[in-house]
Amino acid sequence: MSFLPNRQSLNRPNLAQGLETATFLRDDPRAHMAARLPASLQPLLTLITAKPAPGEETPERSPIAFVAGGLLAMLIGAGLSAAAIAVAMPLWLAGLLLFAGLTATASGLGLYQVVVFHHCSHGTVFSTRERNRTVGRLVSSLLLFARFEDYQREHMLHHSANKMLTDEDEFTGFVFGVCRLEPGVSKRELWRRVVTNLVSPLFHARFLRRRVRAAMFGQDRQHNWMSRSAYLAAFALAAATGTMTEFLVAWILPLTVLLQIATVFRILCEHRFPEPDLIAARGKAFVCASTTGVFPGAMPPEARANSLRGILAWALWWANMLTVTVFSRAFVLVGDAPCHDFHHRRPANRKWTSYAHARQQDSDAGSPGFPVGYTENWGLIRAVDSNLATLAATPPGLVH
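The sequence shown maps to residues 1 to 400 in the UniProt record's numbering.
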């Protein structure tokens with residue numbers, strides 16, 4: 001496999017010309033990947049980064065592919081985790097299987113949270129409102145989310161420029177209430193609180209209690225009993241078959257602690273706190289400034305792979321892409337999460353199934369109807385750090 005630039009890897013006629021192209025290439029890691037790596041690798045890089053190469057064709061994908069893909073990831077992941085515990089094998093292999101299994105299960109859960117459940121609330125997964133509602137209720141009861149109708153109502157408020165970043169916004173409620181972050185605190189202190197939360201049993205217990213209460217002890221008796229009966233049956237079956245350890249590790253662990261860790265990172269990277277005048281104005285510029293694209297990956301090396309230095313640089317880059325970057329994509333930035341800014345500009349757009357290409361096409365067209373173009377962060381931690389910096393710079397009392 002060649003690490004050298006491939007002249008066929010870009011669809012040259014579709015690139016802007018002149019100075020605009022030079023600036024674009026200089027600032028965009030994905031464009032550099034397209035320019036420096038073979039065309040055969042571009043679909044893989046698009047899958048990993050959630051950003052297409054310039055001129056890349058849009059693949060057709062059905063919403064059902066996300067439904068099936070998430071379910072398959074959960075089933076395979078739970079199976080691998082259970083096998084790692086139940087089957088005699090070398091410790092290193094058991095550890096590898098367990099890591100892969102837990103990651104796959106958490107990824108599938110994230111897909112159902114971010115894609116299936118979320119887009120059912122927008123009515124864009126299935127063809128009828130009733131089917132979206134039925135599946136949404138099933139997901140919320142089995143995965144311990146807020147009752148579908150409650151989530152749908154709160155989420156519509158989140159999409160209102162007049163309600164976003166107020167005390168009626170689910171995002172603000174999560175950041176300020178669950179994570180106990182607050183504006184006007186130093187970024188260092190905000191990071192300390194985030195890390196403390198992620199490793200705190202008390203935080204996860206509070207988070208889980210909130211989820212269980214919403215799914216099992218709400219005002220909707222049918223939803224309550226659907227959730228309760230499912231878990232009573234699951235625990236009873238695990239106890240009767242002597243597989244309680246496998247059940248707790250393969251399903252309950254990713255459903256609770258792992259999904260909650262992923263949720264914290266995902267929510268903190270999706271939104272930022274704009275300048276006070278934009279928050280006060282509550283217009284389209286505010287919507288644009290409060291979201292940004294978050295793409296896993298990094299700028300590829302400039303050096304060619306025809307020297308020891310170049311080979312080492314590319315080897316390290318690929319090692320990072322195929323480990324850290326793939327993990328952040330699978331565990332946190334699942335589905336269309338990297339393109340959350342596109343979703344806020346076009347919330348009812350059914351092209352979300354081809355989110356990476358739909359966002360890029362909207363960006364290339366100048367994002368009609370909005371006064372500001374798209375912005376982006378590369379790297380999950382960098383995105384969270386940037387967003388926490390905006391929270392630290394926000395005056396106390398401005399967001400309430």
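Idealized CB from N, CA, C, for every residue including glycine.
(message) What ranges does the beta strand (DSSP E) occupy inside the segment 331 to 379, keeping only unbroken runs of at least 3 residues that lie completely in it?
(response) 376 to 378
(message) Measuring only the C-alpha atoms, how far is residue 311 from residue 380?
(response) Distance between the alpha carbons of residue 311 and residue 380 is about 26 Å.
(message) With the cut-off set at 8 Å, would you say residue 86 and residue 246 are in Cβ contact?
(response) yes
(message) Between which residues of its own chain and residue 219 is the CB-CB distance below 7 Å, once the five residues before and five after are set aside?
(response) none
(request) Tell me, please, whether the CB atom of residue 248 is closer than 8 Å to any CB atom in chain C? (result) Protein chains in the displayed structure number just one, and chain C is not present.
(message) Just to check my reading of the structure: residue 121 and residue 101 have Cβ atoms closer than 8 Å, yes? What is that Cβ distance to the nearest angstrom?
(response) With 8 Å as the limit, residue 121 and residue 101 do not qualify as a contact, their Cβ atoms being about 29 Å apart.
(message) By the three-class DSSP mapping on this structure, what secondary structure does residue 397 have?
(response) coil
(request) Name the one or two DSSP bridge partners that residue 271 has. (result) 291
(message) Nearest by alpha-carbon distance to residue 273: which of 76, 181, 152 is it?
(response) 181
(message) Going by DSSP in three states, residue 306 sits in which element: helix, strand or coil?
(response) coil
(request) Figure out for me which residue from 146, 332, 65 has the closest Cα to the Cα of residue 216. (result) 146
(message) Please classify residue 22 as buried or exposed, where buried requires at least 16 other C-beta atoms within 10 Å of its C-beta.
(response) Summary for residue 22: the model assigns pLDDT 35, below 50, so the residue's position carries little reliability, and this model does not support an answer.
(request) Would you please state the rounded distance, in angstroms, between the beta carbons of residue 387 and residue 269? I believe it to be under 8 Å. (result) 6 Å
(message) Tell me the DSSP secondary structure of residue 63 in three-state form.
(response) helix
(request) Report back the beta-carbon spacing between residue 330 and residue 141 to the nearest angstrom; my notes put them in contact at under 8 Å. (result) Not a contact, Cβ separation roughly 25 Å.
(request) Look up residue 43 in the DSSP assignment and say whether it is helix, strand or coil. (result) helix
(message) Which residue marks the beginning of the alpha helix (DSSP H) containing residue 224, and which one marks its end?
(response) 221 to 240
(request) Find out if the Cβ-Cβ distance for the pair residue 337, residue 114 is shorter than 8 Å. (result) yes
(message) Suppose the cutoff is 8 Å on Cβ atoms and the five residues either side in sequence are ignored; what does the same chain contact list for residue 390 look like?
(response) 272, 273, 274
(request) Output the boundary residues of the alpha helix (DSSP H) element that contains residue 217. (result) Per DSSP, residue 217 belongs to no alpha helix (DSSP H) and is neither H nor E.
(request) For residue 19, name the three-state secondary structure that DSSP assigns. (result) Annotation note: pLDDT 30 at residue 19 (below 50); position unreliable, no value reported.
(message) Considering only their Cβ atoms, is the gap separating residue 123 from residue 334 smaller than 8 Å?
(response) no
(request) Note the first and the last residue of the continuous alpha helix (DSSP H) segment covering residue 247. (result) 244 to 247
(request) With a threshold of 16 other CB atoms inside 10 Å of the CB of residue 395, please say whether the residue is buried or exposed. (result) exposed
(request) State the Cα-Cα distance for the pair residue 343 and residue 267, rounded to the nearest angstrom. (result) 14 Å
(request) Starting from the Cα of residue 164, find the closest Cα among 317, 212, 370, 284 and give me that residue. (result) 284
(message) Within a Cβ cutoff of 7 Å, which residues of the same chain sit near residue 262, ignoring the five residues on either side of it in sequence?
(response) 106, 110, 331, 332
(message) One question on the structure: do residue 70 and residue 116 come within less than 8 Å of each other, judged by their Cβ atoms?
(response) yes
(request) Below 8 Å on the Cβ atoms is my guess for residue 305 versus residue 81; work out the distance and round it to an integer in Å. (result) At roughly 38 Å, the Cβ-Cβ gap does not stay under 8 Å, so residue 305 and residue 81 are not in contact.
(request) Jot down the residue ranges of each uninterrupted alpha helix (DSSP H) in the segment 133 to 169, minimum 4 residues, whole runs only, in chain order. (result) 148 to 158
(request) Using three-state DSSP, classify residue 381 as helix, strand or coil. (result) Secondary structure of residue 381 (DSSP, three-state): helix.
(message) For a quick check, are the C-beta atoms of residue 208 and residue 256 less than 8 Å apart?
(response) yes
(message) Quick check: what's the CA-CA separation for residue 24 versus residue 31?
(response) Its pLDDT being 44, under 50, residue 24 is placed unreliably by the model, and the measurement read from it follows with that caveat. Approximately 8 Å between the Cα atoms of the pair.
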